[in-house]
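Chemist: First the structure, which I've put down as structure tokens, then a few questions once you've had a look.
2 protein chains.
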Amino acid sequence: MKLSEFGEFRLIDMLAKMVDAPPESVIIGIGDDAAAWRTGETITLATTDALVEDVHFKPEQAPWRDVGWKALAVNVSDIAAMGGVPQYALVTLAVPPELTIRPVELIYTGLMDCAHEYGVAVIGGDVVRAPQVTVSVALIGRAGVDDRGRQRLMRRDAAQAGHTIAVTGSLGDSAAGLRRLLSGASADDPLVRAHLHPRPPLSAATTAVRMGVPCAIDISDGLLQDLGHICEMAGLGAVVRTEALPLSQPLRTTFPHDAIALACGGGEDYQLLLVAPAETIRLLRSVSDVRVTAIGEMEEHVGRRPRLIDGSGKEVRIEVTGWDQLKG
Amino acid sequence: MKLSEFGEFRLIDMLAKMVDAPPESVIIGIGDDAAAWRTGETITLATTDALVEDVHFKPEQAPWRDVGWKALAVNVSDIAAMGGVPQYALVTLAVPPELTIRPVELIYTGLMDCAHEYGVAVIGGDVVRAPQVTVSVALIGRAGVDDRGRQRLMRRDAAQAGHTIAVTGSLGDSAAGLRRLLSGASADDPLVRAHLHPRPPLSAATTAVRMGVPCAIDISDGLLQDLGHICEMAGLGAVVRTEALPLSQPLRTTFPHDAIALACGGGEDYQLLLVAPAETIRLLRSVSDVRVTAIGEMEEHVGRRPRLIDGSGKEVRIEVTGWDQLKG
Numbered sequence: 004m005k006l007s008e009f010g011e012f013r014l015i016d017m018l019a020k021m022v023d024a025p026p027e028s029v030i031i032g033i034g035d036d037a038a039a040w041r042t043g044e045t046i047t048l049a050t051t052d053a054l055v056e057d058v059h060f061k062p063e064q065a066p067w068r069d070v071g072w073k074a075l076a077v078n079v080s081d082i083a084a085m086g087g088v089p090q091y092a093l094v095t096l097a098v099p100p101e102l103t104i105r106p107v108e109l110i111y112t113g114l115m116d117c118a119h120e121y122g123v124a125v126i127g128g129d130v131v132r133a134p135q136v137t138v139s140v141a142l143i144g145r146a147g148v149d150d151r152g153r154q155r156l157m158r159r160d161a162a163q164a165g166h167t168i169a170v171t172g173s174l175g176d177s178a179a180g181l182r183r184l185l186s187g188a189s190a191d192d193p194l195v196r197a198h199l200h201p202r203p204p205l206s207a208a209t210t211a212v213r214m215g216v217p218c219a220i221d222i223s224d225g226l227l228q229d230l231g232h233i234c235e236m237a238g239l240g241a242v243v244r245t246e247a248l249p250l251s252q253p254l255r256t257t258f259p260h261d262a263i264a265l266a267c268g269g270g271e272d273y274q275l276l277l278v279a280p281a282e283t284i285r286l287l288r289s290v291s292d293v294r295v296t297a298i299g300e301m302e303e304h305v306g307r308r309p310r311l312i313d314g315s316g317k318e319v320r321i322e323v324t325g326w327d328q329l330k331g
Numbered sequence: 004m005k006l007s008e009f010g011e012f013r014l015i016d017m018l019a020k021m022v023d024a025p026p027e028s029v030i031i032g033i034g035d036d037a038a039a040w041r042t043g044e045t046i047t048l049a050t051t052d053a054l055v056e057d058v059h060f061k062p063e064q065a066p067w068r069d070v071g072w073k074a075l076a077v078n079v080s081d082i083a084a085m086g087g088v089p090q091y092a093l094v095t096l097a098v099p100p101e102l103t104i105r106p107v108e109l110i111y112t113g114l115m116d117c118a119h120e121y122g123v124a125v126i127g128g129d130v131v132r133a134p135q136v137t138v139s140v141a142l143i144g145r146a147g148v149d150d151r152g153r154q155r156l157m158r159r160d161a162a163q164a165g166h167t168i169a170v171t172g173s174l175g176d177s178a179a180g181l182r183r184l185l186s187g188a189s190a191d192d193p194l195v196r197a198h199l200h201p202r203p204p205l206s207a208a209t210t211a212v213r214m215g216v217p218c219a220i221d222i223s224d225g226l227l228q229d230l231g232h233i234c235e236m237a238g239l240g241a242v243v244r245t246e247a248l249p250l251s252q253p254l255r256t257t258f259p260h261d262a263i264a265l266a267c268g269g270g271e272d273y274q275l276l277l278v279a280p281a282e283t284i285r286l287l288r289s290v291s292d293v294r295v296t297a298i299g300e301m302e303e304h305v306g307r308r309p310r311l312i313d314g315s316g317k318e319v320r321i322e323v324t325g326w327d328q329l330k331g
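Taken in sequence, the protein lines are chains A and B.
With our numbering applied, the first sequence has no gaps in its numbers, which climb one by one up to 331 at the end.
With our numbering applied, the second sequence has no gaps in its numbers, which climb one by one up to 331 at the end.
Here it is as structure tokens:
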């Protein structure tokens, strides 16, 4: 069977089964936003993510500097979603020999912009030849332990029935930006900016984990797909109110009919989905430096899938496939 | 200017200059086999290396299982060259959607073979779509501190004039194996095995660092090129005796005229080059589980380049370019 028929998520499941159970020092292995293990008194986190030319970006549409920024930012998003602080990056740059030096300089300029923004030190990497540009980043960070020795981590599997579901920022802008980009909009368009230059809400994540938010995931594959991962891991369902979804003014104006669908299934928002008791979310909203919006609740549900309801409580069906690397 | 004219090493220099000086917690940043930083009482190491289809291997020549093995082994080699112990791997697999599942299974089987051999836990990764297969590994390990608080690390910049230069195993087999592979030899040929299935001498490296060997590098680009890095970083020259080079019987038999050139410039041996006082090397030879051969000495020399001499002390010139990713 071809990988395109098999799909990304079945492939990841298959590979995860081929890997041995991790040693006792490992707190979180395959299946969360980042891996976590004990190093003395603290917890070390690690994640990796790659941007591939013509798959994740097209050079004629995405400025190289944004490609560099985004290659690091998507990894910062994974560390933030664990409640960690990013520290050290290793950068593998695959480049065709025919490429000139300038694009590589711009990629690194954007990457260092992002490194400065989030306090990351680039301490190693690799340059390899390849037919197309790929920027692959491995990012290492740390998470803490509170006064009572409890790990300060936000896990995908820690949601409980009755918990409130909240998201940071606004949703759907990145997917709308990609659509605008494909129809010729410039890199300056505000929606296009959201797509090319995502800004993971690191400080909100740090605040959330300190307040005791137990569960988070970064929204990279699309709200419903990522919330679906949380439902599966907790063995729960979830209800999301479409009226509560935080939609930006540019999104409402530019795509009035598709705004909800883009917010639910678009992907690449690199916002945080947080799941915690209602009171914790209320407290977080009052102190967070970015917008935090409650959009629904976790619930006992045999389907273990999120469902959407409108203002009158009626179930809404949206054709959302989310992003599958291999189905494309 | 195109990257093919600029070359890999100038590009790496340029990128290293674009990166800020690392924070105080970092012991070793860009420019060694792996990066190193303090985590409490221990030292954490991290490195990354990728194998790209049609650049580093051809599917019609290299069994997929060997590709998986080698993708991890080349990273183990980097951690070993620092005197560290590999612990955790993140694996990024780039695959074309038209590929079938079987090659991916075989890649992971080989990768897990290597993980078992060297005690590595695969704890995360990523699957992305790309026009060709790439296996990119980020490997994290640890190094220790001795009773007197000194870091147990082997650094590229720690060579001193008068130190003995030694290597593990035999040299040139991998390059000879590649040559055999290109002329149609099967994957079972012993030289081809050395190329497809390198076995970094991790336990020898661990012994070396405990005995106080201060300086090491893994031989990936070719003996003279890698020794050249050590000369540059120490501001020293080096002399290597061709008669002392450890050459395997298959290499001598198969390439009697080119054996020395392959051993000096071939690359991808993934053996260790160790630099230490003569007495330390003598002790290491007597206890190591793999062959350790003294091949020369570090010397004061304005050229800061290694030179080769034959049995009569006459300088030998060998046209050795080493491997440049971008010049190919």
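For every residue, glycine included, the Cβ atom is placed at its ideal position computed from N, Cα and C.
Of all the options B:Val216, B:Leu254, B:Tyr273, B:Glu11, which has the alpha carbon lying nearest to the alpha carbon of Asp129 (chain A)?
Modeler: Stepping through the first sequence from its first residue, residue 129 (chain A) is reached at position 126. Out of B:Val216, B:Leu254, B:Tyr273, B:Glu11, B:Glu11 has the C-alpha closest to the C-alpha of Asp129 (chain A).
Chemist: Please list, in chain order, the residues of the stretch 225-241 of chain B that have any C-beta partner in chain A closer than 7 Å.
Modeler: Cβ contacts with chain A: none found.
Chemist: Kindly give me the distance between the Cβ atoms of Pro203 (chain A) and Leu142 (chain A), rounded to whole angstroms, as I take these residues to be in contact under 8 Å.
Modeler: Position 200 of the first sequence holds residue 203 (chain A). Position 139 of the first sequence holds residue 142 (chain A). The Cβ separation is near 11 Å, so there is no contact.
Chemist: Would you give the residue range spanned by the beta strand (DSSP E) that Met301 (chain A) belongs to?
Modeler: Here residue 301 (chain A) corresponds to residue number 298 of the first sequence, with the count starting at 1. 295-302 is the extent of the beta strand (DSSP E) around Met301 (chain A).
Chemist: Is Asp57 (chain B) buried or exposed, if buried means 16 or more other CB atoms sit within 10 Å of its CB?
Modeler: On the second sequence, position 54 is the one that residue 57 (chain B) refers to. Classification of Asp57 (chain B): exposed, given that the 10 Å Cβ count is below 16.
Chemist: Could you spell out where the alpha helix (DSSP H) holding Tyr121 (chain A) opens and where it closes?
Modeler: Reading the first sequence from its first residue, position 118 is the one you call residue 121 (chain A). Where Tyr121 (chain A) is concerned, the enclosing alpha helix (DSSP H) stretches over 104-121.
Chemist: Starting from the beta carbon of Leu60 (chain A), find every residue of chain B whose beta carbon is closer than 8 Å, and list them in chain order.
Modeler: For the purposes of this step, residue 60 (chain A) is identified with residue 57 of the first sequence, where counting begins at 1. Residue 60 (chain A) is actually Phe in this sequence, not Leu. Those do not exist, as Phe60 (chain A) stays about 12 Å from chain B at its closest Cβ, beyond 8 Å.
Chemist: Could you tell me which chain A residues have their CB closer than 7 Å to the CB of Ile104 (chain B), listed as they occur along the chain?
Modeler: By 1-based counting over the second sequence, the position of residue 104 (chain B) is 101. Per Cβ cutoff of 7 Å: Met4, Leu6, Phe9.
Chemist: Quick one: complete beta strand (DSSP E) runs, 3+ long, within the stretch 141-214 of chain B?
Modeler: Counting whole runs of 3 or more residues, the stretch 141-214 of chain B contains the beta strand (DSSP E) stretches 167-171.
Chemist: Would you list the one or two residues that DSSP bridges to Thr45 (chain B)?
Modeler: If you number the second sequence from 1, residue 45 (chain B) lands on position 42. Its beta-bridge partners are B:Thr42.
Chemist: Check each residue of the stretch 138-150 of chain B: if its Cβ is closer than 7 Å to any Cβ of chain A, include it; give the result in chain order.
Modeler: Flagged, chain order: Ser139, Ala141, Ile143.
Chemist: List, in chain order, every chain A residue whose beta-carbon is nearer than 9 Å to that of Arg310 (chain B).
Modeler: In the second sequence, the residue the question calls residue 310 (chain B) occupies position 307. Neighbours of Arg310 (chain B) on chain A: none; closest Cβ ~28 Å, over 9 Å.
Chemist: Suppose you measure from the CA of Ala161 (chain A) to the CA of Pro217 (chain A); what does that come to, to the nearest Å?
Modeler: By 1-based counting over the first sequence, the position of residue 161 (chain A) is 158. By 1-based counting over the first sequence, the position of residue 217 (chain A) is 214. Ala161 (chain A) and Pro217 (chain A): Cα-Cα distance of roughly 6 Å.
Chemist: Counting only the same chain and skipping the five closest in sequence on each side, list residues whose C-beta sits under 6 Å from that of Trp67 (chain A).
Modeler: The residue labelled residue 67 (chain A) in the question sits at position 64 within the first sequence. Only Pro106, Leu109, Ile110 meet the Cβ criterion.
Chemist: If you drop the 5 nearest sequence neighbours on each side, which residues of the same chain put their C-beta closer than 7 Å to that of Met214 (chain B)?
Modeler: One-based indexing of the second sequence puts residue 214 (chain B) at position 211. Counting only Cβ-Cβ distances below 7 Å, and skipping sequence neighbours, we find Thr283, Leu286, Leu287.
Chemist: Touch check for the stretch 264-280 of chain A and the stretch 188-195 of chain A: three-plus C-beta pairs under 8 Å?
Modeler: Verdict: no, contact absent.
Chemist: Going by the CB atoms, is the gap between Pro62 (chain B) and Val136 (chain B) shorter than 9 Å?
Modeler: On the second sequence, residue 136 (chain B) is found 133 positions in, with the first residue counted as 1. On the second sequence, residue 62 (chain B) is found 59 positions in, with the first residue counted as 1. Result yes, Cβ atoms of Val136 (chain B) and Pro62 (chain B) sit closer than 9 Å.
Chemist: Does Val170 (chain B) get closer than 9 Å to chain A when you measure Cβ to Cβ?
Modeler: Taking the second sequence and counting its residues from 1, one reaches residue 170 (chain B) at position 167. No, because no Cβ of chain A sits closer than 9 Å to the Cβ of Val170 (chain B).
Chemist: Tell me the residue span of the beta strand (DSSP E) that contains Val243 (chain B).
Modeler: By 1-based counting over the second sequence, the position of residue 243 (chain B) is 240. Run containing Val243 (chain B): 240-244, per the beta strand (DSSP E) assignment.
Chemist: Would you say Pro134 (chain B) lies against chain A (beta-carbon separation less than 9 Å)?
Modeler: Residue numbering aside, residue 134 (chain B) sits at position 131 when the second sequence is read from its first letter. By this cut-off, Pro134 (chain B) is an interface position.
Chemist: Looking at the strands, I want to know which residues DSSP matches up with Gln252 (chain B).
Modeler: As a position in the second sequence, residue 252 (chain B) is number 249, starting the count at 1. According to DSSP, which records beta bridges pairwise, Gln252 (chain B) is partnered with nothing at all.
Chemist: State yes or no: is the beta carbon of Lys73 (chain A) nearer than 9 Å to at least one beta carbon in chain B?
Modeler: In the first sequence, residue 73 (chain A) corresponds to position 70, counting from 1. Chain B, which has no Cβ nearer than 9 Å to the Cβ of Lys73 (chain A), makes this no.
Chemist: Got a sec: is the Cβ-Cβ distance from Val88 (chain B) to anything in chain A below 9 Å?
Modeler: On the second sequence, position 85 is the one that residue 88 (chain B) refers to. No, because no Cβ of chain A sits closer than 9 Å to the Cβ of Val88 (chain B).
Chemist: Please report the straight-line C-alpha distance between Thr45 (chain B) and Arg145 (chain B), rounded to a whole angstrom.
Modeler: One-based indexing of the second sequence puts residue 45 (chain B) at position 42. One-based indexing of the second sequence puts residue 145 (chain B) at position 142. The alpha-carbon atoms of Thr45 (chain B) and Arg145 (chain B) are separated by roughly 7 Å.
Chemist: Which of the three DSSP states, helix, strand or coil, is assigned to Val70 (chain B)?
Modeler: By one-based count along the second sequence, residue 70 (chain B) stands at place 67. Looking at Val70 (chain B) - three-state DSSP - the assignment turns out to be helix.
Chemist: Bridge partners for Tyr273 (chain A) per DSSP, in chain order?
Modeler: Here residue 273 (chain A) refers to the residue found at position 270 when the first sequence is read from its first residue. According to DSSP, which records beta bridges pairwise, Tyr273 (chain A) is partnered with nothing at all.
Chemist: Between Ala244 (chain B) and the rest of its own chain, which residues show a CB-CB distance below 7 Å, the 5 nearest in sequence each way excluded?
Modeler: Taking the second sequence and counting its residues from 1, one reaches residue 244 (chain B) at position 241. Here residue 244 (chain B) is Arg; the residue named in the question, Ala, does not match the sequence. For Arg244 (chain B), where only same-chain residues beyond five positions count, the Cβ hits under 7 Å are Ile298, Gly299, Ile312.
Chemist: Check each candidate in B:Gly32, B:Val195, B:Gly268, B:Leu199 and name the one with the smallest Cα separation from Leu114 (chain B).
Modeler: Residue mapping note: residue 114 (chain B) aligns to position 111 of the second sequence, counting from 1. Comparing Cα-Cα distances from Leu114 (chain B) to each of B:Gly32, B:Val195, B:Gly268, B:Leu199, the minimum goes to B:Leu199.
Chemist: Tell me which residues share the same chain as Gly231 (chain A) and place their Cβ nearer than 7 Å to its Cβ, disregarding the 5 neighbours each side in the sequence.
Modeler: Here residue 231 (chain A) refers to the residue found at position 228 when the first sequence is read from its first residue. Answer for Gly231 (chain A): Arg308, Pro309, listed in chain order.
Chemist: Check for me: the beta strand (DSSP E) holding Ala266 (chain A) runs from which residue to which?
Modeler: One-based indexing of the first sequence puts residue 266 (chain A) at position 263. From DSSP, Ala266 (chain A) is part of no beta strand (DSSP E) but of the alpha helix (DSSP H) over 262-268.
Chemist: Alpha carbon to alpha carbon, how far is Ala38 (chain B) from Glu318 (chain B)? Give it in angstroms, no decimals.
Modeler: As a first step, residue 318 (chain B) is located in the second sequence; it is residue number 315 there, counting from the start. As a first step, residue 38 (chain B) is located in the second sequence; it is residue number 35 there, counting from the start. C-alpha separation (whole angstroms): 36 Å.
Chemist: What does the alpha-carbon distance come out to for the pair Pro99 (chain B) and Ala133 (chain B)?
Modeler: Counting from 1 along the second sequence, the entry for residue 99 (chain B) is found at position 96. Counting from 1 along the second sequence, the entry for residue 133 (chain B) is found at position 130. Their backbone Cα atoms lie some 5 Å apart in a straight line.
Chemist: Using beta carbons (cut-off 9 Å, strictly below), is Ile263 (chain A) in contact with chain B?
Modeler: As a working note, residue 263 (chain A) is residue 260 in the first sequence. Ile263 (chain A) does not count as touching chain B.
Chemist: If we ignore side chains and look at the alpha-carbon of each, how far apart do Val195 (chain A) and Glu271 (chain A) end up?
Modeler: By one-based count along the first sequence, residue 195 (chain A) stands at place 192. By one-based count along the first sequence, residue 271 (chain A) stands at place 268. Rounded to whole angstroms, Val195 (chain A) to Glu271 (chain A) spans 12 Å at the Cα level.
Chemist: Do Val170 (chain B) and Leu275 (chain B) have their CB atoms nearer than 9 Å?
Modeler: One-based indexing of the second sequence puts residue 170 (chain B) at position 167. One-based indexing of the second sequence puts residue 275 (chain B) at position 272. Yes, the pair counts as a contact, with Cβ atoms nearer than the cut-off.
Chemist: For Phe60 (chain B), which beta-bridge partners are listed by DSSP?
Modeler: The residue you call residue 60 (chain B) lines up with position 57 of the second sequence. Partner(s): B:Glu56.
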